[in-house]
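These notes concern the structure reproduced below.
Number of protein chains: 2
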Amino acid sequence: MTAQGKIWTAALVVIGDEILSGRTQDANIHQIARWLQVQGIRLVEVRVVADDMGAIADAVNALRASHDYLFTTGGIGPTHDDITVDAVAQALGVAVTIHPEAREMLAAYYEARGLELTEARLRMARVPEGASLIPNRISGAPGIRHGNVFLMAGVPHITAQMLDGLTGQLEGGAPLLTETVGCWVNESEVAEILRAIEAAHEDCQIGSYPFFREGRVGANFVIRSTNAEVLQSAVDTLCEALGEEGHDFTPGGI
Amino acid sequence: MTAQGKIWTAALVVIGDEILSGRTQDANIHQIARWLQVQGIRLVEVRVVADDMGAIADAVNALRASHDYLFTTGGIGPTHDDITVDAVAQALGVAVTIHPEAREMLAAYYEARGLELTEARLRMARVPEGASLIPNRISGAPGIRHGNVFLMAGVPHITAQMLDGLTGQLEGGAPLLTETVGCWVNESEVAEILRAIEAAHEDCQIGSYPFFREGRVGANFVIRSTNAEVLQSAVDTLCEALGEEGHDFTPGGI
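Those protein sequence lines, which keep their order, are chains A and B. Add 4 to a position in the first sequence, counting from 1, and you land on the number used in our numbering. Add 4 to a position in the second sequence, counting from 1, and you land on the number used in our numbering.
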């Protein structure tokens, strides 16, 4: 593979008892996946782990070496259950320190609101030694970057803001292009068509996602490739084959 | 730990390029987490992996030995990208066979709809050798159980139906009980209270989940324990402490 064709990959560790207990529906996997896609970085694996030092450190160490980027969400707030910084520092084999700039950001944020920078709030300035900050205009508490590891908030709209600040800053490859063709068909009827078209197009993947809607069965076929020509050829071939068999299909998806 | 006090654990492998690409927001983690909670089984880890034989098999093998139950979602349909059965069979070191009962279920389902049991549809009767079936009244295609491994659909309402069929059938422990106390407070102001109450109550965990709503900052404190008395004591102590400091709190959560 040439340097130009390098596929950049990322993994995500979601830290959260609240996700595992079913109390909260995670929204960070989805938003980080979409954001990475636009950066030309492929999300390859996600792990959701408990608020547990060992579980977090193990997941971080298992994934940071095998991917270009590792993101975490959750556990960087001011309370006793926010242990992500400690767990990541342990995984990286570095100490935890107060980041002077983070301390200033928090002090300014609370001063502007007539509040004190208490010991609990100062917890949010703790970083694994050697880290830099990812600004967060909403709550004052920054995200944290250490090498290829990015620590983001658990609250989705704060993470959205941190991602916004990182947009265009991470090196990525050619973004994965996708096209969707929707069809009012039971996917099992066209399984062979899909298989054959994928096999005939190198650097191309076809996913089939069935649905039940308006009392009818259908499926969206999502064709993915980093190569625009290959993608278009696969889409054209698929539409032609569906048309020949008399299926009711819609380029762009249903 | 006594047998009575055994904590039953589960892990979940979500198989889906569509989740990792950000195309689809996963809903199975949430519904399986909630369902397991009711069965007295604790979901301890989730991995989202690509539609890739090696990635699926590795995740299944990493998790099935260390947990009482392992669930997978996705990849059990009729198309070429449905490779979960093959990957799990590889992980278990068994062959893939057509399950005669699954074949009958599918034949009856399609016959009732005037449709043929094509080769693609018959793919949905393939199971790792030695498996039993989990009925699915919606689409005819069953879920699959092999030992402590449960293969569920990717489409959430089909998985919901399969979970329904499994309700009460898996051995579990005492369900984790939870109570929520909501408070219009910046969580950093009460961080020390939370830490102290958790420390004073064995077999009790307190999670703090901040939110921004109606232009105000608040947090829900979720107290979890398998012991009802410990739980109640922690809730009472927390409400008392919040009241003493003059905070505006609501038992049951905000």
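Here a beta-carbon is modelled for each residue, glycine too, at the ideal position from N, C-alpha and C. The structure displayed is predicted, hence computed values, not measured ones.
- Against chain B, the CB of Asp72/A has no partner CB under 8 Å away; the residue lies outside that interface.
- About 5 Å separates the beta carbons of Ala37/A and Leu47/A, which is inside the 8 Å limit, making them a contact pair.
- Distance from the CA of Gln94/A to the CA of Pro132/A, rounded to the nearest whole angstrom, comes to 8 Å.
- When secondary structure is reduced to three states using DSSP, Gly58/A falls in the helix class.
- Looking at the DSSP output, Ala223/B bridges to Cys187/B, Pro214/B.
- Here the C-alpha atom of Val89/A lies approximately 18 Å from the C-alpha atom of Asn32/A.
- Within chain A, no residue has its beta carbon less than 9 Å from that of Ala61/B; the closest one is some 14 Å off.
- For a Cβ distance threshold of 9 Å, nothing in chain B lies close to Val189/A: the least Cβ distance comes to about 11 Å.
- Taking a beta-carbon distance threshold of 8 Å, Gly81/B counts as an interface residue toward chain A.
- For Met156/A, the enclosing beta strand (DSSP E) has its first and last residue at 153-156.
- The shortest CA-to-CA distance from Arg27/A to any of Ala232/B, Glu248/B, Gly211/B is the one to Gly211/B.
- With a threshold of 8 Å between beta carbons, Ala54/A makes contact with chain B.
- About 24 Å separates the beta carbons of Trp12/B and Ile60/B, which is beyond the 8 Å limit, so they are not a contact pair.
- In summary, Ala157/A is buried, with 16 or more beta-carbon neighbours lying within 10 Å of its beta-carbon over all protein chains present.
- Annotated three-state conformation of Thr163/B is helix, per DSSP.
- Only exposed fits Ala112/B, as fewer than 16 other CB atoms lie within 10 angstroms of its CB.
- Separation of the CB atoms of Gly176/B and Gln43/B is rounded to 4 Å, and the pair is thereby assigned contact status at 8 Å.
- For Ser229/B, there are no C-beta contacts with chain A under 9 Å, since the nearest C-beta of that chain is about 12 Å from it.
- Chain B has no Cβ within less than 8 Å of the Cβ of Ile102/A.
- Between the segment 245-258 of chain A and the segment 127-141 of chain B, the count of C-beta pairs closer than 8 Å stays below three; the two stretches do not touch.
- With fewer than 16 other CB atoms across the displayed protein chains lying within 10 angstroms of its CB, Leu119/B is exposed.
- When the Cα atoms are used, Arg117/B and Arg220/B turn out to be separated by approximately 55 Å.
- DSSP, read as helix, strand or coil, puts Leu198/B in helix.
- The beta carbon of Glu206/A sits closer than 8 Å to those of Val234, all from its chain and outside the five residues before and after it, given in chain order.
- Counting only runs of at least 3 residues, the segment 11-39 of chain B fully encloses the following beta strand (DSSP E) elements, listed from N- to C-terminal order: 12-19.
- If you draw a straight line from the Cα of Glu49/B to the Cα of Ile148/B, it comes to about 21 Å.
- DSSP places Pro104/A in no beta strand (DSSP E) but in the uninterrupted alpha helix (DSSP H) bounded by 104-116.
- Between Leu137/B and Thr76/B, the gap from beta carbon to beta carbon reaches 8 Å or more.
- With a threshold of 16 other beta carbon atoms within 10 Å, Arg68/A meets it and is buried.
- DSSP, reduced to helix, strand and coil, places Thr230/A outside both helices and strands of the structure shown, so it counts as coil.
- The C-beta of Gly20/B has 16 or more other C-beta atoms within 10 Å across all chains shown, which makes the residue buried.
- Residues of chain B whose Cβ lies closer than 8 Å to the Cβ of Arg199/A are, in chain order, Thr83, His84.
- Straight-line measurement puts the Cα of Trp39/A at about 12 Å from the Cα of Leu16/A.
- Leu16, Val18, Gly20, Asp21, Glu22, Ile23, Leu24, Ser25, Gly26, Arg27, Thr28, Gln29, Asp30, Ala31, Ile33, His34, Gln35, Ile36, Ala37, Arg38, Trp39, Leu40, Gln41: these are the residues of the segment 13-41 of chain A whose beta carbon lies less than 9 Å from some beta carbon of chain B, given in chain order.
- The C-alpha of Ala135/A is placed about 10 Å away from the C-alpha of Ile102/A.
- Assigned with DSSP and collapsed to three states, Thr241/A falls in helix.
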